[in-house]
Amino acid sequence: MCSKVGFIHLIVPESRFRLVQGEGDLVAYTFNSGVARHLFCGTCGVKSFYRPRSNPDGWSVNARCLDEAVEMDLTDFDGRNWEANAASLAHLSREAAP
């Protein structure tokens, strides 16, 4: 699904995420186990971020929805076989060591 909607996952720890505005416009959607909480704009339908099941201690932000450019390295991920590969994402939402 992510490749069809163009979602570029930028997974960040909870402490590094801040929603600037629009919280009241969000609509939640869950499926399957109900653990992942997908949030959509109730006005335009864009999915700009969500709390993934693979990273319940963080957020997956759609880099295409950021107002300012962010430098990042893109890594291929086999989303079609998500269950087999999800564990490889767990480290992305952990706080960096000081």
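Basically this note's numbering = 1-based index in the sequence shown + 1344. Glycine residues also receive a C-beta, built at the ideal position from the N, C-alpha and C atoms.
- Taking F1384 as reference, the option from V1364, Y1394, R1438, P1357 with the minimal CA-CA separation is Y1394.
- Short of 6 Å from the beta carbon of A1430, and not among the five residues preceding or following it, lie these beta carbons of its own chain, in chain order: S1398.
- For the options S1432, V1356, V1349, the alpha carbon positioned closest to that of M1416 is the one of V1356.
- The three-state secondary structure of A1372, taken from DSSP, is strand.
- In this structure, the alpha-carbon of V1371 lies about 16 Å from that of V1364.
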